[in-house]
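Chemist: In our numbering, the protein residues as written are 1129 to 1354.
Shown below is the structure under consideration.
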Amino acid sequence: MASAPAHADALELLRSHSLTTLVQRELEHRILSGTLAPGDKLNEEDLAGQLNVSRGPVREAFRALESAGLLRMEKNRGVFVRQVSIAEADEIYEVRAGLDELVGRLLAIRIKPPELAELRELLKKMQQAARAKDVDAYYPLNVRFHDRLAELTRNKTLLGAYRRLVNELHLYRKETLARGADSFPISTREHAQIVEALARKDPDRAGKLLYEHAMESRDRLHAALS
């Protein structure tokens, strides 16, 4: 008889964790798509009502998204979509460039032919969106391309660190593409060069190209905002 309540507790725990994941993904989508803007205040009760869940999963999702670098929780003030200053963005780009260089070096050695084919297919879609100057189509493809590079290194620690930095930079990365008239041809050319370096299994060149790509993205950000 004692096992029934324990089983019920386990099911409730699983349900709660599943709901937290769903809430987290929905909030992440709203932030990365721009529906929720930097500085916006989030109300736990309102979101619970919108998403038809209790406040617990929303609260847990807030904590997870704070750890992911997307939210900022301030005592006695509330929960806000994180804002990153230009100075902070510069620092993040420098760290990201170092991680990107490591991604290139590792992946040039580890990438497999089917994975290379996948990247080439993704690159074709990016080039199509770039020719149309469709930021809304290009941006998620660009995010997916770089995230996939990090995934394919098969280094979970590297992937986790990379994703946090990318989350913190997402607003500026989209702004750079939207405002910079030359961003599309430059960006697609650089991506194509990265794929070719990986295909040649050249860790030095792949690492160098990815490092320069990140730092040039930082420079384009400053040019676009000025």
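All C-beta atoms, glycine included, are put in the ideal place defined by N, C-alpha and C.
Please read all numbers here as calculations on a predicted model, not as lab measurements.
With 16 other CB atoms within 10 Å as the buried threshold, where does D1174 fall?
Modeler: By 1-based counting over the sequence shown, the position of residue 1174 is 46. D1174 is exposed by the Cβ-count criterion.
Chemist: Please state whether DSSP places G1362 in a helix, a strand or coil.
Modeler: Given that the chain is displayed from residue 1129 to residue 1354, the structure contains no residue 1362 and the question cannot be resolved.
Chemist: For the ligand ADP, any of its heavy atoms closer than 7 Å to the Cβ of A1215?
Modeler: With respect to small molecules bound, the structure shown includes none, and the ligand ADP cannot be examined in it.
Chemist: In whole angstroms, what separates the C-alpha of L1179 from that of A1165?
Modeler: On the sequence shown, position 51 is the one that residue 1179 refers to. On the sequence shown, position 37 is the one that residue 1165 refers to. Rounded to the nearest angstrom, the two C-alpha atoms are 19 Å apart.
Chemist: Within 8 Å, do at least three Cβ pairs link the segment 1251–1260 to the segment 1192–1203?
Modeler: By the Cβ rule, the segment 1192–1203 does not count as touching the segment 1251–1260, because fewer than three pairs are nearer than 8 Å.
Chemist: What does G1206 pair with, by DSSP beta-bridge criteria?
Modeler: Here residue 1206 is taken as the residue at index 78 of the sequence shown, counted from 1. E1202.
Chemist: By how many angstroms is the C-alpha of S1345 removed from the C-alpha of H1157?
Modeler: Taking the sequence shown and counting its residues from 1, one reaches residue 1157 at position 29. Taking the sequence shown and counting its residues from 1, one reaches residue 1345 at position 217. Between H1157 and S1345, the C-alpha separation is close to 23 Å.
Chemist: Would you call the CB atoms of E1318 and L1293 closer than 8 Å?
Modeler: To locate residue 1318, count along the sequence shown from 1; it is residue 190. To locate residue 1293, count along the sequence shown from 1; it is residue 165. Annotated as distal: E1318 and L1293, with beta-carbon spacing of 8 Å or more.
Chemist: Here's the rule: buried if 16 or more other CB atoms are within 10 angstroms of the residue's CB, otherwise exposed. What is H1350?
Modeler: Residue mapping note: residue 1350 aligns to position 222 of the sequence shown, counting from 1. Looking at its Cβ environment, which holds fewer than 16 other Cβ atoms inside 10 Å, H1350 is exposed.
Chemist: Does the Cβ-Cβ distance between A1342 and R1233 come in under 8 Å?
Modeler: As a working note, residue 1342 is residue 214 in the sequence shown. As a working note, residue 1233 is residue 105 in the sequence shown. No, the pair does not count as a contact, with Cβ atoms beyond the cut-off.
Chemist: One question on the structure: do V1207 and L1170 come within less than 8 Å of each other, judged by their Cβ atoms?
Modeler: Here residue 1207 corresponds to residue number 79 of the sequence shown, with the count starting at 1. Here residue 1170 corresponds to residue number 42 of the sequence shown, with the count starting at 1. Taking 8 Å as the Cβ cut-off, V1207 and L1170 qualify as a contacting pair.
Chemist: Could you compute how far the alpha carbon of L1142 sits from the alpha carbon of T1149?
Modeler: Working through the sequence shown from its first residue, we reach residue 1142 at position 14. Working through the sequence shown from its first residue, we reach residue 1149 at position 21. Because L1142 sits at a pLDDT of 48, beneath the cut-off of 50, its placement in the model cannot be relied upon, and the following sentence gives the value as read from the coordinates. Going by the C-alpha atoms only, they are around 11 Å apart.
Chemist: How many angstroms separate the CA atom of A1117 from the CA atom of S1182?
Modeler: Examination of residue 1117 is not possible in this model, given that the chain is present from 1129 through 1354 alone.
Chemist: Using three-state DSSP, classify K1336 as helix, strand or coil.
Modeler: On the sequence shown, residue 1336 is found 208 positions in, with the first residue counted as 1. Looking at K1336 - three-state DSSP - the assignment turns out to be helix.
Chemist: Would you mind sorting E1222 into buried or exposed? The rule is 16 or more other CB atoms within 10 Å of its CB.
Modeler: Here residue 1222 is taken as the residue at index 94 of the sequence shown, counted from 1. Looking at its Cβ environment, which holds fewer than 16 other Cβ atoms inside 10 Å, E1222 is exposed.
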